[in-house]
Every structure is written in C-alpha cells, then in structure tokens.
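K.L.:
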Amino acid sequence: MQFLLCWQKLCLIKYLNMNSREKFYFKFDVSTFRLLGRELITDRITALFELVKNCYDANAQNVDIIFEQVGKLCLNSRITIKDDGIGMSYSDLKNKWMVIGTSSKRRKRISPPPCCRVVAGKKGVGRFAVDKLGGCLVLKTTCEGDAYWHCLKTDWTQYSAEEDRQLSINFDDTERKLFTDIDNQYWTEEAMLHEHGTILEISSLNDSWDNAAVKRAYKELSKIVRPTLDIKYPFNIYLQAPEYKEYNMRQKVESFGLSKATLHYELKYRYAADTNKYYQQVLKESKGNLMIIEEEAECFGPISLSLYYYDQNAKKQFKQTDSNIDGVKIYRDGIIATPFAEYNSDRNAQKDLFGIDKRRYSGFFEKMSTRDIIGWLDITDVLNPGIKDSTNRQDFVDNDEWAALKVFVIDQIHQIELFLKHSKDRKKKENLEKLENANSDINVIKEKINKIRTNAYFATSEVEGELTDITNRLNSLKDTVTISSCNIKDLEEEKKQQENLMFSLVSLQTYAGLVSHIVRTSLGQIERSAEFVAKWVPLQEKKDKIVKHASKIFREMKSLSTAMNFMLSYAKDDSTFSTFSIKDAMDEIFNKRYVYVFEENDIMASFSINEDVELLYNQKAFQDMFGNLIDNSIKALRNVKNKEIKCTVLHEQTQMIIIFSDNGEGVPHRLKERIFDLFFTTTADYGGAGLGLYIVKTRLEAIRGSISLIDSELGSGATFRIVIPFNK
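Numbering (UniProt numbering), first residue to last: 1 to 728.
Structure, rendered in structure tokens:
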C-alpha cells in the first residue's frame with residue numbers, strides 16, 4: 001500500500017512539472033518609441049540625415065525637404081520629406097516599416113535595379129528619427145503601377161500620454177498597454193499609375209527652426225553624399241523654407257567647392273593578385289619632401305582618403321563660399337557614416353571624431369586642427385566590416401579596427417605637419433640669411449656712395465646734401481635690419497625656452513602621480529608607527545621600540561624630503577648646464593624615484609655602468625628622458641608575468657652608449673618608424689599621450705645625441721640605443 005502511494009505521488013509530481021513548463025516572450029514597454037527615437041538620436045540633424053538616407057536606399061533620385069511655418073511653432077508647422085523612390089507596397093508597410101529592427105536591409109545590401117546602390121541602413125530603427133523632429137507622422141507611399149497611396153498616421157503623443165498615465169497610477173500588469181498595443185491609423189488614397197515614392201509629413205514639431213537652423217541643415221545635407229562621387233544615377237536633395245527669403249524658392253543642395261586648398265593629397269589602395277593582399281598608399285615626410293608610398297593594408301582594411309589643407313590666406317578665400325572647414329568625414333559606400341553632429345562655431349563644443357584637436361598644444365608643436373583641414377575617408381561594407389556605426393549614430397563601435405583607423409588618420413595628418421614645419425623652418429632660415437646679407441649689401445652701397453662723393457670734384461651742395469641724406473637713410477636701414485635679425489634670433493630662443501617649459505610640464509604631470517604615491521605611502525607608515533608608539537609602548541619600558549619606530553619615521557620623512565626636492569627641481573631652468581655624475585643620476589632614478597612603483601608592479605629593475613663619468617648637461621632634462629622611458633615600459637609590461645627593466649651604461653672614448661630594455665609587449669614592425677612622432681601612442685587607454693619618446697628624441701637631438709629602436713636584448717619587448725656625445 002505504501003509503495004502504491006509513493007508511485008502515485010511521483011506520477012503527480014511528473015504531471016505537474018510537465019504542465020508547469022510555460023514559454024515566456026519579450027514584450028516592448030510603451031516607452032520604446034522614446035528610447036529608439038529622441039533619446040537614441042541625440043540631435044535633429046542626425047534625425048534628418050536618417051530619414052534622407054532612407055530615401056537613398058529606396059533608389060530615390062530626387063528628395064524634397066520643405067519647412068513650413070517653422071520659425072514660430074503653431075498648428076500648421078510641419079516638415080515634409082518627399083522622394084521619388086520605389087515606395088512601399090501594403091506588404092512592405094506592414095511587414096517592414098512596422099517591424100522594429102527589420103532585417104530586410106541586412107539580408108539585401110544592394111538596392112533593386114537600376115540604381116543597385118549599397119544601402120546605408122542596417123539596424124532597422126532609423127524611422128524612429130521622426131520622433132526627434134515631431135510628435136506626429138503621416139506617411140504616404142506607393143509603388144509604380146499601384147492604384148493607391150498607402151497612408152499611415154503615427155501619433156507619438158499617444159505613446160507619450162500612455163507612458164505618463166502608467167507612471168501616475170497603480171495597476172496590475174495585465175492592464176498595462178504595451179508598445180505594440182497602441183493603434184496606428186491606416187487608410188488609402190487614389191494614386192496615378194505612374195506615381196511612386198514616399199512622403200513623410202511631420203507635425204507637432206519639437207523645436208522651432210530659425211533661418212540659421214535651416215541654413216545649417218542645408219550645409220550639413222550638402223555632405224550626405226561624398227563630394228566628387230561619380231554615380232550613374234544621381235541623388236539630388238532640394239530644400240525649401242517659404243518663410244525665409246534665402247530659401248523661399250526650391251533650391252538644390254550643392255556640395256561645397258574645394259579648389260582653394262593650399263595642399264591636396266589623394267591616397268588610394270590596390271589589390272595584388274600574386275600576394276592576395278591589399279596595399280595602401282600612405283604619406284611619408286623625409287627631409288622636407290612629402291612622398292606617397294605603399295604599405296600593406298592594416299587590420300581595418302584598405303581605404304581611400306582625400307585631404308585638403310588650408311593656410312590662413314586659403315581660409316579667407318574659402319569662407320567666401322559660405323562653407324565651414326570642419327575636419328575629416330567618413331563615408332561608407334559614398335554615403336556619410338560619420339556621426340552627424342551639427343557644426344559648432346565653438347571649437348571646444350565641436351565633436352572631434354579622430355581626436356585631431358586633442359593634439360593641439362597652442363603653438364608649441366604647430367599642430368593642425370579640424371579648422372585647418374577638410375577630408376573624407378571612404379570605407380566599404382565589403383572591405384571594412386570592422387568599422388561599425390554605433391546605434392545612436394554619434395560614434396563608431398570601439399574595437400581594434402576603429403582604434404587602428406584613428407591612428408592611421410592622425411599619422412597622415414602628422415606627416416603633412418612635418419612637411420609644413422620643415423617648409424616653415426626653411427623659409428625662416430632663408431629670410432634670416434637675407435637679413436644678414438642685407439647688412440653686407442648696405443655696406444657695399446655706402447662704400448660706393450663715398451667713392452662717388454670723393455670723385456665728384458664739382459658736385460654741387462645740392463648733390464652733396466642728397467648723398468648725405470641717402471647715407472643717413474642707409475645707416476637707419478642697417479640699424480633696422482640688425483635689430484630685426486636679432487629679434488628673430490631672440491624669438492627663436494624664446495620659443496625653445498617655451499618648448500622646454502612644455503616638456504617640463506608634461507614630465508611634471510607624469511611624475512605628480514608618482515610623488516603622490518610616495519607621499520601617501522610614507523604618511524601611512526609614519527601614521528602607523530606614531531600610533532604604535534602612542535598606544536602600545538608604556539613610558540616606563542625600555543626605549544628600544546621607540547627608537548625602532550623613530551628610525552622608521554626618520555626614513556619615511558627622508559623619502560618625503562627626496563620627493564619634494566625632486567618636485568622643486570622643476571622650478572629650475574632647463575637651459576642651465578652643469579657637470580653631474582651619470583651613476584648618481586641613474587641611481588636616483590632607479591633606486592629612489594621609481595623604487596615604490598617597481599615594487600608595486602612587481603618589476604625587477606636594474607642598471608649597470610662600466611665606468612662612472614661626469615656629463616655636462618642639464619641633470620633634470622637627463623633624468624626626464626629616462627623617466628619617460630620607464631613610464632613607457634611600465635605600460636608595456638602591464639600584461640607580462642615576469643616583468644623586467646634593464647639599463648646598461650657604456651663609457652666609450654668620445655661618447656656614452658646607453659642600452660635601455662624591457663620585456664614588455666614590444667613595438668609592432670609597422671609602427672617602428674612612428675614611435676618617435678609627436679602624439680603617436682598605442683597606449684591611449686592607459687594614459688599615454690604620445691609625448692614621452694618625442695621628448696626623449698628632442699632632448700637628445702638638442703645635444704647632438706640620438707635614440708633608436710634596436711633588436712630586443714631580452715628576447716621580447718623593446719630595446720633602445722641612446723648615444724650621447726661628450727663634446728656638446
């Protein structure tokens with residue numbers, strides 16, 4: 001009987017388990033419209049771009065954008081976007097437009113014939129850009145040969161009202177309306193058989209559009225298709241805003257002109273069938289010449305890049321075209337893929353896609369900014385799949401390919417900067433030589449005048465007076481030339497001092513964290529020792545423990561004193577040279593300044609010197625160089641188990657050789673020629689600014705020294721060979 005009861009119980013449990021296996025489905029809250037609309041797409045130009053790009057994907061050749069009564073919002077304010085594309089059928093409207101994240105464009109990346117365009121959309125959420133512009137949409141669409149316009153009204157205010165209602169009351173989940181429960185009104189209107197395309201009528205606008213805003217929209221829309229793109233079937237955009245005189249008539253949106261650029265470079269790529277590889281053209285500056293060379297394409301794939309540089313005179317001429325110089329844009333298969341943030345006259349508020357403006361250090365390093373260059377970078381779906389738009393259209397997915405592409409673009413700009421700097425330095429040198437030669441020319445002229453005066457026995461007093469006046473003017477001119485020449489030399493010397501100051505500030509910023517760590521550690525040790533003495537050592541006991549902890553406090557105070565003296569050294573002049581011991585300077589770096597950092601990061605650091613020698617140089621600048629090398633090594637060692645830094649100093653007859661090594665991640669072969677360039681860094685995520693090795697190289701070149709990357713002496717990582725001559 002007991003067995004039977006157990007069996008029945010087991011059967012009942014099995015039955016209940018089988019019937020309790022329910023299926024759960026994701027649902028969309030009514031707030032979905034807001035999350036995919038106004039909160040995902042952050043600016044109205046982006047919203048406008050998304051809707052116009054849909055027209056491009058629909059094979060439209062003409063798009064009309066009409067702003068009606070948008071200056072001061074009223075019931076009749078509206079934005080209409082009308083295209084002559086292929087339109088949508090009833091099935092398309094129901095199964096594509098009304099499906100969130102539809103895969104139709106991901107499955108078919110090419111639009112129908114005859115245009116066969118690579119479609120710009122992928123994610124299937126661009127239609128929600130309407131919500132950023134206005135609260136109500138009436139969509140009308142038809143295909144050629146269809147007898148009806150299919151009309152759909154979506155009132156986003158209904159979704160918003162339902163969301164507000166749900167937030168204000170308590171109710172059971174079974175009563176709540178979901179995103180898919182809100183009704184959207186559908187109807188049909190008669191269409192002519194030859195009509196085709198889509199019309200979006202957006203009303204209940206969120207923002208007014210003044211004349212300046214419409215003008216900005218015009219300028220930004222001129223960039224949606226890459227300038228000079230050669231396409232068989234055109235994509236024309238027309239804009240009209242009847243209430244503004246400048247746009248009261250239908251106007252074609254034209255791309256800006258680029259003929260006034262100071263410099264222009266086109267970088268292409270090619271495919272080599274014999275190696276089955278792509279090769280990329282890159283810029284390379286060498287001894288004042290800017291060349292285009294070929295390298296194997298990088299991880300992000302082959303790209304095309306057009307760069308236009310504008311000097312001050314060219315900028316003045318370009319501004320007459322009423323366009324803005326605003327950096328490099330990215331185009332995917334001919335259509336803009338760059339974040340669509342509006343142009344901002346405030347440089348600090350402007351979105352800096354590649355980090356071009358972050359490199360500017362106000363004149364010291366003569367960096368170009370986004371206000372100096374216009375460019376477009378062409379990528380394709382097929383060759384650059386790793387470069388992906390983020391869903392909000394304000395950035396790209398942060399991956400290795402995107403990081404490498406940013407480095408590539410910055411490097412091309414840097415090569416132009418090197419070329420411009422070399423040209424500028426050459427002109428300065430030529431002008432200085434002309435000034436110096438002018439002094440000699442003036443002396444020659446004076447001698448000739450004196451000879452004329454001596455030989456002119458019958459010269460009148462009037463002629464004599466003229467010759468004297470000319471001589472006086474030449475003397476004045478000579479004084480002016482001499483002063484100008486001295487001023488130029490003084491300015492160059494002042495610029496060098498400013499650059500040294502910048503180097504010191506950069507190094508000081510790096511070492512501030514180091515000193516803070518020393519101070520924090522020492523204060524902790526002092527506090528613990530003092531607390532121990534105060535709490536646990538009675539006065540009547542022997543003083544051994546007190547002496548022990550007092551000694552510890554003394555050592556820590558000495559460490560603090562060393563750290564403070566180190567910081568105070570930055571108040572000294574970088575240009576002051578003195579004789580100092582190489583061994584003592586290196587000992588301070590390795591065994592005092594960085595000892596805490598080495599211990600904290602488990603780094604085995606050592607230096608050796610075959611013979612101590614004294615060097616006539618600025619000691620702080622010397623120690624800065626090795627501080628920068630150590631900082632780079634620490635970053636390179638972050639993922640290495642047995643961390644090692646080694647420095648060997650070799651004394652030769654006329655020079656000192658220093659071999660500095662670590663067993664970190666090393667430098668990729670393709671980057672070996674770039675690591676000494678200003679602002680070139682592969683450790684931006686770890687605080688690297690691309691200044692350290694540039695500072696080391698610049699410091700060494702100032703004393704006719706050199707630094708080079710050689711084969712690693714530790715088997716892995718990086719090894720640098722530093723040469724410092726003894727005679728400055």
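C-beta: ideal position from N, C-alpha, C; glycine also.
Can you list, in chain order, the residues of its chain whose CB lies under 6 Å from that of Ser608, leaving out five sequence neighbours each side?
P.N.:
For Ser608, where only same-chain residues beyond five positions count, the Cβ hits under 6 Å are Thr648.
K.L.:
Along the alpha helix (DSSP H) that carries Leu48, what are the first and last residues, could you check?
P.N.:
Here the alpha helix (DSSP H) through Leu48 covers 44–57.
K.L.:
Quick test of your reading: Gly327 and Ile303, contact by CB under 8 Å. State the CB separation rounded to the nearest angstrom.
P.N.:
Actually they do not touch by this definition, with Cβ atoms about 16 Å apart.
K.L.:
Could you tell me which residues DSSP pairs with Pro725 in its beta bridges?
P.N.:
Paired residues: Gln655.
K.L.:
Do you know how far the Cα of Phe598 is from the Cα of Asn591?
P.N.:
Cα to Cα, Asn591 sits roughly 9 Å from Phe598.
K.L.:
For Lys641, which option in Asp602, Tyr244, Ile182 has the closest C-alpha, if you only look at C-alpha atoms?
P.N.:
Comparing Cα-Cα distances from Lys641 to each of Asp602, Tyr244, Ile182, the minimum goes to Asp602.
K.L.:
Is the closest heavy atom of the ligand NAD to the C-beta of Ile724 under 8 Å?
P.N.:
The ligand NAD is not among the ligands present in this structure, which contains no ligands whatsoever.
K.L.:
Could you have a look at Ala212 and say whether DSSP puts it in helix, strand or coil?
P.N.:
Reduced to three states, the DSSP call for Ala212 is helix.
K.L.:
For the alpha helix (DSSP H) containing Asn313, name the first residue and the last one.
P.N.:
Asn313 -> alpha helix (DSSP H) spans 312–319.
K.L.:
For a quick check, are the C-beta atoms of Ser578 and Gln623 less than 9 Å apart?
P.N.:
Not a contact, by the Cβ cut-off of 9 Å.
K.L.:
Which of the three DSSP states, helix, strand or coil, is assigned to Val613?
P.N.:
Coil, per DSSP.
K.L.:
State the DSSP-derived secondary structure class of Gln61, mapped to helix, strand or coil.
P.N.:
Correct three-state label for Gln61: coil.
K.L.:
Identify every residue that forms a DSSP beta bridge with Tyr694.
P.N.:
According to DSSP, which records beta bridges pairwise, Tyr694 is partnered with nothing at all.
K.L.:
Quick one, are the C-beta atoms of Phe626 and Phe660 less than 9 Å apart?
P.N.:
In contact: Phe626 and Phe660 (Cβ atoms closer than 9 Å).
K.L.:
State the DSSP-derived secondary structure class of His194, mapped to helix, strand or coil.
P.N.:
Note: His194 maps to coil in three-state DSSP.
K.L.:
Short check: CB of Tyr331 to CB of Ile374, under 9 Å?
P.N.:
No; because the gap between Cβ atoms is not below 9 Å, this pair is not in contact.
K.L.:
Going straight from the alpha carbon of Tyr271 to that of His414, what length do you get?
P.N.:
So the alpha carbons of these two residues sit roughly 26 Å apart.
K.L.:
Can you tell me the Cα-Cα spacing of Ser569 and Arg226, whole angstroms?
P.N.:
Bear in mind that the predicted position of Ser569 carries a pLDDT of just 47, short of 50, making it unreliable; the figure below should be weighed with that in mind. Approximately 54 Å between the Cα atoms of the pair.
K.L.:
Identify the residues that DSSP records as bridge partners of Asn443: which are they?
P.N.:
Paired residues: none, contrary to the question.
K.L.:
Identify, in the order they occur along the chain, each residue of the same chain with its Cβ nearer than 7 Å to the Cβ of Phe354, setting aside the five sequence neighbours on each side.
P.N.:
Cβ neighbours of Phe354 beyond the five flanking positions: Val328, Lys406, Val409, Ile410.
K.L.:
Out of Val595, Ile45, Leu239, Val70, which has the shortest C-alpha to C-alpha gap to Ser606?
P.N.:
Here the closest residue by C-alpha is Val595.
K.L.:
Once the 5 residues before and after Ile722 are set aside, which same chain residues still bring their CB inside 6 Å of it?
P.N.:
Closer than 6 Å at Cβ, skipping near neighbours: Ile658, Ile707.
K.L.:
Under 8 Å by Cβ, that's how I've got Asn663 and Gly717 pegged, so tell me the actual separation to the nearest angstrom.
P.N.:
Right, the Cβ-Cβ distance comes to about 4 Å (below 8 Å), so this counts as a contact.
K.L.:
Using only CA atoms, which one of Asp398, Asp372, Asp207 lies nearest to Leu263?
P.N.:
Residue Asp372 is the option with its Cα nearest to Leu263.
K.L.:
Using the Cα positions of Ala314 and Glu298, report the straight-line distance between them to the nearest angstrom.
P.N.:
So the two alpha carbons sit approximately 33 Å from each other.
K.L.:
Which residues does DSSP pair with Lys82 in a beta bridge?
P.N.:
Paired residues: Asp64, Ile199.
K.L.:
If you run the structure through DSSP and keep just helix, strand and coil, what is Leu714?
P.N.:
Here Leu714 sits in coil by DSSP.
K.L.:
Should Gln312 go down as buried or exposed, given a rule of 16 or more other Cβ atoms within 10 Å for buried?
P.N.:
Label assigned to Gln312: exposed.
K.L.:
Can you tell me whether Val99 is buried or exposed? The criterion is at least 16 other CB atoms within 10 Å of its CB, across all chains shown.
P.N.:
Looking at its Cβ environment, which holds fewer than 16 other Cβ atoms inside 10 Å, Val99 is exposed.
K.L.:
Could you tell me the alpha carbon to alpha carbon distance between Glu266 and Glu588, rounded to whole angstroms?
P.N.:
In a straight line, the C-alpha of Glu266 is about 51 Å away from that of Glu588.
K.L.:
Measure the Cβ-Cβ separation of Ser89 and Cys143 and say whether it is below 9 Å.
P.N.:
Yes; because the gap between Cβ atoms is below 9 Å, this pair is in contact.
K.L.:
What is the rounded straight-line gap between the Cα of Lys388 and the Cα of Glu401?
P.N.:
One C-alpha to the other measures close to 9 Å.
K.L.:
Measure the C-alpha to C-alpha separation of Ser203 and Tyr269 and round it to an integer number of angstroms.
P.N.:
Approximately 47 Å, taken between the alpha carbons.
K.L.:
Does the stretch 223–241 touch the stretch 181–201, meaning 3 or more C-beta pairs lie closer than 8 Å?
P.N.:
No: the two stretches stay apart, fewer than three of their Cβ pairs being nearer than 8 Å.
K.L.:
Measuring only the C-alpha atoms, how far is Lys542 from His651?
P.N.:
Reliability of the predicted coordinates at Lys542 is poor, the pLDDT of 49 falling under 50, and the value obtained from them is presented with this limitation in mind. Cα to Cα, Lys542 sits roughly 53 Å from His651.
K.L.:
Compute the beta-carbon to beta-carbon distance between Met586 and Val613, rounded to the nearest angstrom, for a pair I have assumed lies under 8 Å.
P.N.:
About 11 Å separates the two Cβ atoms, so there is no contact after all.
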